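With positions in the sequence shown counted from 1, the corresponding number in this note's numbering is that position plus 908. Cβ coordinates follow ideal geometry from the N, Cα and C atoms, glycine included. Since we're looking at a predicted model, the values are computed, not measured. Report on the structure given below.
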Amino acid sequence: MSKVRIGSGAALLAAAMVLATAGHAAPAGPFAAACETGEPAMLVHVVGFKARTGVVRVQSYGGDPDHYFDKGSYLKRIDLRVPPAGALDVCVPVATPGRYAISVRHDIDGSGHTGRLDGGGMSGNPHVSLFDLMFKRKPSPDQVAVMVGHGLRVVPITLNYLSGASFGPVAAS
């Protein structure tokens, strides 16, 4: 999946055409319009759902990269229902161009609590092992960093789920 950076005017039209041909749906969430204004924003493209139930939580992080994914350190948090089919595109605006990260959690039963069936992913799609999960090890900031300029940046994320003794994407059917 390619990443797109967009300025304004004709570039916005070009971006809309790229997103439409790349299989992106209209952005979802309370900030959907921000992806159409040309202001700094991330369009988080989530794929690989194990089930079409529950809630997806998208969180953005900025500032000190050593604190990406620390509890409560997110900039924006967006909770949405899982779509009945296809990918989920979520628009996440940022205040200024810079270096950010994204985390996504699929709460399959919508309980609000992390369970063994739930899945997740991060910007950069770093490999996360079962041991990383058990010992709460975070990936390197360089693996998850997203550079956002003066416009839209598409951030593809593939969800991973626990399966036996491994943690990874679900097999395509």
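Shown here for asparagine 1068: same chain residues with a beta carbon closer than 8 Å to its own, the five before and five after excluded, namely Gly956, Gly1027, Gly1028, Gly1029, Val1036, Phe1075, Gly1076, Pro1077 in chain order. DSSP places leucine 1041 within a helical segment (H, G or I) once states are collapsed to three. Annotation for valine 1052: the continuous alpha helix (DSSP H) segment containing it runs 1049 to 1052.
The beta-bridge partner set that DSSP reports for glycine 1027 consists of His1014, Tyr1069.
For cysteine 999, the enclosing beta strand (DSSP E) starts and ends at 996 to 1001. Counting other Cβ atoms within 10 Å of its Cβ, proline 935 reaches 16 or more and is therefore classed as buried. Using a Cβ-Cβ distance cut-off of 8 Å, the region 956 to 967 and the region 939 to 947 are not in contact, since fewer than three pairs of beta carbons, one from each stretch, lie closer than that value. Rounded to whole angstroms, isoleucine 1016 and threonine 1004 show a C-alpha spacing of 33 Å.
Membership of valine 954 in the beta strand (DSSP E) is indicated by the continuous run 949 to 955. CA-CA distance, glycine 937 to arginine 1061, rounds to 16 Å.
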